[in-house]
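*Asks:* To convert, take the position in the sequence shown, counting from 1, and add 89; that gives my numbering. Where is the CB? At the ideal position from N, CA and C, for every residue including glycine. Nothing here was measured: the structure is a model prediction, and the numbers come from that model. What follows is a single structure, and I will ask about it in a moment.
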Amino acid sequence: MKKKLIIIGGAIVGLILVIFIGLWITIASILNEDFLVSQIESSMNCRAEIEDLDVSLFSAGSISIDGVKIGPRDDEANKGVPMSERTTELKNPLIASKSIDLSLSLMPLLSKRLELQRLVLTEPYLDLRIRPNGETNLSPLFETPKIVNGERNPALDAPPEPAEAEEEPADGEDKPFGASDIPIAGHLERIGIDNGELKLGLSSGDSLHVQGLDVFLTDIDVDPADLANHNSADLEINADVQLSDRAGNEKGMFLVRSTGTIVPFDPNQAGEFNTDVEYALTLLKGSRVSSFMVVNELMNALPEILKLAVDRDKLKGQAELTHDVDVVVKYNRGLLTFLNEPTFQTKRYDIGLRKGSWIRLTNSTHKFTGKLIATQEDSDKTIAKIDQELERVVKDKAKAQEIRNKQLGMIIENNRVYLAFVSTGNLADPNTKLLANVPDITDLVKGSVGDVIEGRINSELDKLGPGAREAADQLQNLFN
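Structure below.
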């Protein structure tokens, strides 16, 4: 009897093993490179290429896809030609990835829990161009293809699916993606991008080039039914971001690093994406900032004595950060808003930004309120030049000191010269205004002399009585 039970148990285990292996062989035979490419090209208006695809169901189910490329659709994609028979190569893909690795645990699916152990895109590449009308060069890729497997796409003739009224928002707009769109609760160990590259052409003509892009979400705990207790993820970002103008001139290079925990969904807004997520970023030492356009605009607004005293060449141009800078920002629909007041320190100058300054990444527009601060050495030289000029034109030391305080009081803080400004428009070619109305030394000298004369006249009029003052006012009005 015992022997029979062992035999039966062994047979059951063997049957399960045969079924499992058969399932793996069946899936592996169906889910191959040509099958996946045909699925992509049947649903997207593109041409796709995949070098290799590997499926494994042992321990944790895993899928590895190598050499992924997606680009504009061509005749071979329209005809559904198998990849091994295609005669042309997709040379300039708009989307590509060296590999895509996905692994998940199968058993938790039985309890409606998705445990994705890993989803990593290695060396992905994206070439995105934003047009003035808001569309992008990728928009045609996501249209319904007109021809599939050499024939008219049946999807073009299919009747539209009836809209479900209860799923439509009250204002008729598209319902935003939220936590409720995730069909089952999820706990993901790791998802992200490893060493990616992004080329982003903005509608303004400027461009962003992101290299060495690492973005990883880890320990992702999201349960749409219980966002109060399961709604968190750890975020890590590393990227080198270069900003260039339409002529290709570099306007800044930012070495960005970030680690922290975020709350991805808003439990108070039907589980929609949380638009109030704050990101703590660090711009590393060695990042490059440019103040060329800001300096030119500000210098033109300065009085002549300050134009001579301030070293324009020292303030303009690019400079490297000498210290890491911590920046707290909020991102929402392309708008990046500063929530703290960072100071970017360099050997040539410092730039400080006020809280509330912002950049719209989609078109490179901005509004910065801040200060361009001279170094201590250059500040001392500037102040010395102003003092020398005052000694030359104002002999009265008391008046010279008064004029000095009036003029320098608007541009000195902590013994360093600064120019307060507001900058708007295109980030690479900004409109900049000097916030402080710094008076010219000539006006101050004239004003000081006028104050003395006016004081003496008023003293004499007071001696003559109220009638004399009224007569003097009437006489003065004749010349106004």
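Since N515 is in the beta strand (DSSP E), which residue starts that stretch and which ends it?
*Replies:* From DSSP, the beta strand (DSSP E) with N515 extends over 505 to 515.
*Asks:* Just verifying my parser: in three-state terms, what is the DSSP assignment at A314?
*Replies:* In this structure, A314 counts as helix in the three-state DSSP scheme.
*Asks:* Alpha carbon to alpha carbon, how far is V330 from N357?
*Replies:* Each residue's alpha carbon lies about 34 Å from the other.
*Asks:* Evaluate contact between the region 361 to 378 and the region 340 to 351, counting only Cβ atoms and requiring at least three cross-stretch pairs below 8 Å.
*Replies:* Short answer: they touch.
*Asks:* L210 to K158, Cα distance in whole Å?
*Replies:* In a straight line, the C-alpha of L210 is about 13 Å away from that of K158.
*Asks:* Just the Cα atoms here: how many angstroms apart are P221 and P161?
*Replies:* Straight-line Cα distance between these residues: approximately 21 Å.
*Asks:* Shortest alpha-carbon distance to A328 belongs to which of Q490, F343, L316, N320?
*Replies:* Nearest option by C-alpha distance: F343.
*Asks:* Which complete alpha helix (DSSP H) runs does the region 443 to 509 hold, if anything under 4 residues is left out?
*Replies:* Listed in chain order, the complete alpha helix (DSSP H) runs (minimum 4 residues) inside the region 443 to 509 are 465 to 482, 486 to 497.
*Asks:* Using CA atoms only, rank isn't needed, just tell me which of M172, E174, L215, T176 is closest to K187.
*Replies:* For the residues M172, E174, L215, T176, the minimum Cα distance to K187 belongs to L215.
*Asks:* Hey, how far is the Cα of E466 from the Cα of V506?
*Replies:* Using only the alpha carbons, I get a separation of about 10 Å.
*Asks:* According to DSSP, is N338 helix, strand or coil?
*Replies:* Of the three classes helix, strand and coil, the one that applies to N338 here is coil, per DSSP.
*Asks:* Please report the residue range of the alpha helix (DSSP H) in which I326 lies.
*Replies:* It is not in any alpha helix (DSSP H) - I326 instead sits in the beta strand (DSSP E) that spans 320 to 333.
*Asks:* Please tell me whether E165 and D155 are closer than 9 Å, where the distance is taken between their beta carbons.
*Replies:* In this structure, D155 does not lie closer than 9 Å to E165 by Cβ.
*Asks:* Helix, strand or coil: how does DSSP classify E582 here?
*Replies:* Any property of residue 582 remains undetermined from this structure, which presents the chain solely from 90 to 569.
*Asks:* I'd like the span of the beta strand (DSSP E) that includes D415, first residue to last.
*Replies:* Residues 414 to 421.
*Asks:* Look at the Cβ atom of G441, then the Cβ atom of T426, and state whether they are nearer than 9 Å.
*Replies:* No; because the gap between Cβ atoms is not below 9 Å, this pair is not in contact.
*Asks:* Can you grab the Cα-Cα spacing for the pair V418 / S192, in whole Å?
*Replies:* Cα to Cα, V418 sits roughly 33 Å from S192.
*Asks:* To the nearest angstrom, report how far apart E212 and S512 are at their CA atoms.
*Replies:* C-alpha separation (whole angstroms): 36 Å.
*Asks:* Which stretch, first to last residue, makes up the alpha helix (DSSP H) that contains D164?
*Replies:* Start and end: 164 to 168.
*Asks:* Can you check whether the CB of R449 is closer than 9 Å to the CB of A408?
*Replies:* No. Outside cutoff.
*Asks:* Check K180 in the structure and name its three-state DSSP category.
*Replies:* In this structure, K180 counts as coil in the three-state DSSP scheme.
*Asks:* Quick one: Cα of G459 to Cα of L523, how far?
*Replies:* Rounded to whole angstroms, G459 to L523 spans 10 Å at the Cα level.
*Asks:* Mind checking whether L302 and D323 have CB atoms under 9 Å apart?
*Replies:* No. Outside cutoff.
*Asks:* Between the Cα of N167 and those of A137, D402, F510, spot the shortest distance and give me the residue it belongs to.
*Replies:* Checked all of A137, D402, F510; the closest Cα to N167 is A137.
*Asks:* Looking at the unbroken alpha helix (DSSP H) that takes in E130, where does it start and where does it end?
*Replies:* 122 to 132 is the span of the alpha helix (DSSP H), which, as asked, contains E130.
*Asks:* Can you check which of these residues, H298, P313, A336, T432, is closest to L372 by C-alpha distance?
*Replies:* Answer by Cα proximity: T432.
*Asks:* Would you kindly check if the distance between the Cβ of L217 and the Cβ of N452 is under 9 Å?
*Replies:* No; because the gap between Cβ atoms is not below 9 Å, this pair is not in contact.
*Asks:* Among S333, L179, S321, which residue has its Cα nearest to the Cα of N515?
*Replies:* Taking only the C-alpha atoms, the option nearest N515 is S333.
*Asks:* What residue range is occupied by the uninterrupted beta strand (DSSP E) comprising K522?
*Replies:* Its beta strand (DSSP E) spans residues 518 to 523.
*Asks:* Hey, L183 and L230: beta-carbon distance below 9 Å or not?
*Replies:* Yes, the pair counts as a contact, with Cβ atoms nearer than the cut-off.
*Asks:* Under a Cβ-count criterion, where at least 16 other Cβ atoms within 10 Å of its own Cβ denotes burial, should F457 be classed as buried or exposed?
*Replies:* So F457 ends up on the buried side.
*Asks:* Counting along the chain, where does the beta strand (DSSP E) carrying L425 start and finish?
*Replies:* Start and end: 424 to 427.
*Asks:* Let me check understanding here. Comparing Cα to Cα, which of L461, E491, D485, L497 lies closest to K610?
*Replies:* Residue 610 falls outside the range modelled here, since the chain spans only 90 to 569, and no answer is possible.
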